[in-house]
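Participant: Numbering (the working numbering), first residue to last: 210 to 470. Using N, Cα and C, we set each Cβ at its ideal position, and we do this for glycine too. As the structure is a prediction and not an experimental result, all values here were calculated from the model. The structure's right below; bear with me while I get my questions together.
Now the structure itself:
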């Protein structure tokens with residue numbers, strides 16, 4: 210019977226400790242905004258960081274703290290409207306973006322300096338004389354962008370990355386992955402793009418890639434909205450001015466201006 214007293218003591222101590230823990234947990238509990246769960250559920254959970262925060266959870270907390278509700282690129286207008294509704298603020302709207310690869314120099318249009326036999330990675334290939342293609346500004350074609358796309362919106366065809374704009378959610382993960390900074394995010398409304406980012410002189414570009422922009426400026430001269438400029442030897446379209454009329458695409462002598470697929 211000598212063991213009954215110690216057991217009783219431990220039982221009482223356990224009960225007292227339980228009560229104390231319950232009281233302490235309620236006294237020192239951190240109150241959570243009831244809207245946080247709703248905001249978190251409304252986000253796509255891609256954790257791409259395109260909103261400027263480390264992930265969806267971080268952005269959800271920021272929204273509760275007063276951050277704008279329209280920063281989620283993958284969610285676009287729908288998520289912006291939902292978050293605004295939850296937070297009880299006016300919806301500012303969000304512009305839908307999609308990724309575009311500024312290169313169309315596939316195996317049939319460009320030349321190669323050597324045969325790369327290393328790891329099939331754009332990052333690895335780029336470290337070895339800026340890749341095997343003669344154009345050092347072009348797509349390396351090993352699909353590092355494909356590997357990070359959460360929606361399977363990118364594929365590699367003839368050593369060129371191609372974005373399916375119907376699948377792309379505009380998260381921007383591929384933009385960060387491209388070692389040649391060829392991938393850019395463009396407004397969904399923009400239907401015309403320059404598929405080249407070569408900084409070489411037109412004569413050099415033409416000698417190494419039949420699809421490269423030669424910086425002739427014909428597109429800029431014919432643009433009714435003055436939305437095109439030639440910078441660093443290739444044409445650049447200002448998304449804020451472009452109305453996607455397509456005149457530049459028709460006038461381009463080398464076919465470097467295309468319609469995203």
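Note down, one range per segment and in chain order, each alpha helix (DSSP H) of at least 4 residues found wholly within the stretch 264 to 293.
Facilitator: List check, alpha helix (DSSP H) in window: 265 to 273.
Participant: Report the residue from 225, 470, 224 whose alpha carbon sits nearest the alpha carbon of residue 373.
Facilitator: Position 164 of the chain shown, counting from 1, holds the residue named residue 373. Comparing Cα positions, the closest option is 470.
Participant: In this structure, what does DSSP give as the bridge partners for residue 308?
Facilitator: One-based indexing of the chain shown puts residue 308 at position 99. Note: residue 308 sits in a beta bridge opposite 394.
Participant: Please state if the CB of residue 342 and the CB of residue 314 are separated by a distance shorter than 8 Å.
Facilitator: Here residue 314 refers to the residue found at position 105 of the chain shown. Here residue 342 refers to the residue found at position 133 of the chain shown. Yes, Cβ-Cβ distance for residue 314 and residue 342 is below 8 Å.
Participant: Closer than 7 Å by C-beta to residue 425: which residues in its own chain qualify, once you throw out the five before and the five after it? Chain order, please.
Facilitator: Taking the first residue of the chain shown as position 1, residue 425 is located at position 216. Cβ neighbours of residue 425 beyond the five flanking positions: 411, 462.
Participant: Can you look up residue 413 in the DSSP assignment and give me helix, strand or coil?
Facilitator: In the chain shown, counting from the first residue as 1, residue 413 sits at position 204. Reduced to three states, the DSSP call for residue 413 is helix.
Participant: Counting Cβ pairs closer than 8 Å, one from the stretch 303 to 311 and one from the stretch 321 to 329, do we hit at least three?
Facilitator: No, because fewer than three Cβ pairs between the stretch 303 to 311 and the stretch 321 to 329 fall closer than 8 Å, the two stretches do not touch.
Participant: Using 8 Å as the cut-off, can you tell me whether the stretch 257 to 271 makes contact with the stretch 395 to 407, which would need three or more C-beta pairs spanning the two stretches below that distance?
Facilitator: Touching, no, given that fewer than three Cβ pairs across the two stretches are closer than 8 Å.
Participant: If I measure Cβ to Cβ from residue 352 and keep anything under 7 Å in the same chain, skipping five residues before and after, which residues do I get?
Facilitator: The residue labelled residue 352 in the question sits at position 143 within the chain shown. The answer, listed in chain order, is 365, 370.
Participant: Opposite residue 369 in the DSSP bridges: which residues?
Facilitator: Against the chain shown, residue 369 aligns to sequence position 160. According to DSSP, which records beta bridges pairwise, residue 369 is partnered with 366.
Participant: Tell whether a beta-carbon distance below 8 Å holds between residue 173 and residue 293.
Facilitator: In the structure displayed, the chain extends from 210 to 470; residue 173 sits before or after that span and is not available.
Participant: How many whole angstroms separate the CB atoms of residue 283 and residue 312, which I take to be in contact at a CB cut-off of 8 Å?
Facilitator: Residue 283 sits at position 74 when you count from the first residue of the chain shown. Residue 312 sits at position 103 when you count from the first residue of the chain shown. Between residue 312 and residue 283 the Cβ distance is about 24 Å, and since that is not below 8 Å, they are no contact.
Participant: According to the neighbour-count rule (16 or more other Cβ atoms, all chains shown, within 10 Å of its Cβ), is residue 291 buried or exposed?
Facilitator: Counted from its first residue, the chain shown places residue 291 at position 82. Buried is the call here.
Participant: In whole angstroms, what is the alpha-carbon distance linking residue 430 and residue 346?
Facilitator: Translated into positions along the chain shown, residue 430 becomes position 221. Translated into positions along the chain shown, residue 346 becomes position 137. Using only the alpha carbons, I get a separation of about 25 Å.
Participant: Whole angstroms are fine: how far does the CA of residue 355 sit from the CA of residue 471?
Facilitator: Look at the range of the chain in this structure, 210 to 470, and you will see that residue 471 is not part of it.
Participant: Output needed for residue 280: all residues of its chain with C-beta closer than 6 Å, excluding positions within five of it in sequence on either side, in chain order.
Facilitator: What you label residue 280 is simply residue 71 of the chain shown in a count that begins at 1. These residues qualify, in order along the chain: 260.
Participant: For the candidate residues 358, 465, 381, 443, whose alpha-carbon lies nearest to that of residue 401?
Facilitator: Numbered from its first residue, the chain shown carries residue 401 at position 192. Closest option to residue 401, Cα to Cα, is 465.
Participant: Assign residue 467 to one of three DSSP states: helix, strand, or coil.
Facilitator: Here residue 467 refers to the residue found at position 258 when the chain shown is read from its first residue. Residue state, collapsed to three classes: strand.
Participant: Applying the criterion that 16 or more other CB atoms from any shown protein chain within 10 Å of the CB defines a buried residue, is residue 336 buried or exposed?
Facilitator: Numbered from 1 along the chain shown, position 127 holds the residue referred to as residue 336. Answer is exposed; the Cβ neighbour count stays below 16.
Participant: Would the beta-carbon of residue 467 fall within 8 Å of that of residue 404?
Facilitator: Reading the chain shown from its first residue, position 258 is the one you call residue 467. Reading the chain shown from its first residue, position 195 is the one you call residue 404. Cβ atoms of residue 467 and residue 404: closer than 8 Å.
Participant: Of all Cβ atoms in chain B, is any one closer than 8 Å to the Cβ of residue 332?
Facilitator: Judged by its chain identifiers, the structure shown contains no chain B, having just a single protein chain.
Participant: DSSP three-state call for residue 456: helix, strand or coil?
Facilitator: In the chain shown, the residue the question calls residue 456 occupies position 247. Note: residue 456 maps to helix in three-state DSSP.
Participant: Flag this pair as yes or no: are the beta carbons of residue 344 and residue 383 separated by less than 8 Å?
Facilitator: The residue labelled residue 344 in the question sits at position 135 within the chain shown. The residue labelled residue 383 in the question sits at position 174 within the chain shown. No, the Cβ-Cβ distance between residue 344 and residue 383 is not below 8 Å.
Participant: Between the Cα of residue 443 and those of 422, 450, 434, 453, spot the shortest distance and give me the residue it belongs to.
Facilitator: Working through the chain shown from its first residue, we reach residue 443 at position 234. Minimum Cα distance to residue 443 is reached at 422.
Participant: Which of the three DSSP states is assigned to residue 420 in this structure?
Facilitator: Numbered from 1 along the chain shown, position 211 holds the residue referred to as residue 420. Coil.
Participant: Is it true that the CB of residue 278 sits closer than 8 Å to the CB of residue 254?
Facilitator: Counting from 1 along the chain shown, the entry for residue 254 is found at position 45. Counting from 1 along the chain shown, the entry for residue 278 is found at position 69. No, these two residues do not count as a Cβ contact at 8 Å.
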